[in-house]
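S.K.: Residue numbers (mature numbering (1 follows the signal peptide of the UniProt record, and there is no 0)): -17 to -1, 1 to 259. Shown below is the structure under consideration.
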């Protein structure tokens, strides 16, 4: 109720609520990235209607445009190629289709064998078309946008400042030690909350955790076993700081990029001045 009243007040004041997002989680839609890249590459505006109708002609301009979109949304890398854990979020498979993953993978392999591996625009284009033709329908809604580790360090540093983590604890973090203490537990809660991976109302977002670790994707994030463990923790602890700490330590700490958050906290503590 409070949030509804708050949004109504912002609307009456002439504020654009669409840009007033909670915490520091970033989401972005395919269409927004497409428009961004059309501006970057000076693609004529009249072509947007064509692309908005999911028509992506086989021409150099379109190919480099889609490469830009992939770089923008993090689903493309010129060295590693398509980042499946990110790309998948922008497509919705038919629930009755049980072969979409196999068809997409076959298409990707064929495009790599037949295409010019030195042409990054063509490779990005062919990869995107494999998903468009075989994986599912393009999702119009904004999707979670994974950031690099430097942003995570800034988020952790923000939380250390906001929570006024004692210097004694910061010294331990700088050495890579994370004592099981209230300060550590609540720091982890703040970090996952501010980075958009945890919600006060619903707990951890395992799909976002999976996407975050797109460079080392780990399907165990999405397994029923992981979901069950997280639900049991949420129901049994009664304390969100403890819930987050135990989930990180016992459930998903070793998944994806193992204990990456510990490395982030260590770097954040090292960059903080010794006094607040």
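Beta carbons: idealized from backbone N, C-alpha and C, even for Gly.
Could you name the residues of the same chain whose beta carbon sits closer than 8 Å to that of residue 18, not counting the 5 residues immediately before and after it, in chain order?
M.R.: The residues are 31.
S.K.: Could you tell me the distance, in whole angstroms, from the CA atom of residue 25 to the CA atom of residue 51?
M.R.: Distance between the alpha carbons of residue 25 and residue 51: 12 Å.
S.K.: Between which two residues does the alpha helix (DSSP H) containing residue 198 stretch?
M.R.: Neither: residue 198 is in no alpha helix (DSSP H) and is coded neither H nor E.
S.K.: Using the C-alpha atoms, what's the distance from residue 182 back to residue -14?
M.R.: With a pLDDT of 49 at residue -14, under the threshold of 50, the modelled position of that residue is not reliable, and the figure given next carries that caveat. Between residue -14 and residue 182, the C-alpha separation is close to 18 Å.
S.K.: For a test of the three-state rule: what should DSSP assign to residue 74, helix, strand or coil?
M.R.: Reduced to three states, the DSSP call for residue 74 is strand.
S.K.: Could you compute how far the alpha carbon of residue 239 sits from the alpha carbon of residue 206?
M.R.: So the alpha carbons of these two residues sit roughly 13 Å apart.
S.K.: Would you give the residue range spanned by the alpha helix (DSSP H) that residue 129 belongs to?
M.R.: Where residue 129 is concerned, there is no enclosing alpha helix (DSSP H), given that its DSSP letter is neither H nor E.
S.K.: How big is the Cα-Cα spacing for residue -3 and residue 138?
M.R.: Unreliable placement is indicated for residue -3, whose pLDDT of 43 sits below 50; no coordinate value is reported for it.
S.K.: Expressed to the nearest angstrom, what Euclidean distance is found between the alpha-carbon atoms of residue 233 and residue 84?
M.R.: The alpha-carbon atoms of residue 233 and residue 84 are separated by roughly 31 Å.
S.K.: Rounding to the nearest angstrom, what Cα-Cα distance links residue 91 and residue 104 in this structure?
M.R.: Going by the C-alpha atoms only, they are around 15 Å apart.
S.K.: Go ahead and pull the three-state DSSP assignment for residue 79.
M.R.: Coil at residue 79, not helix or strand.
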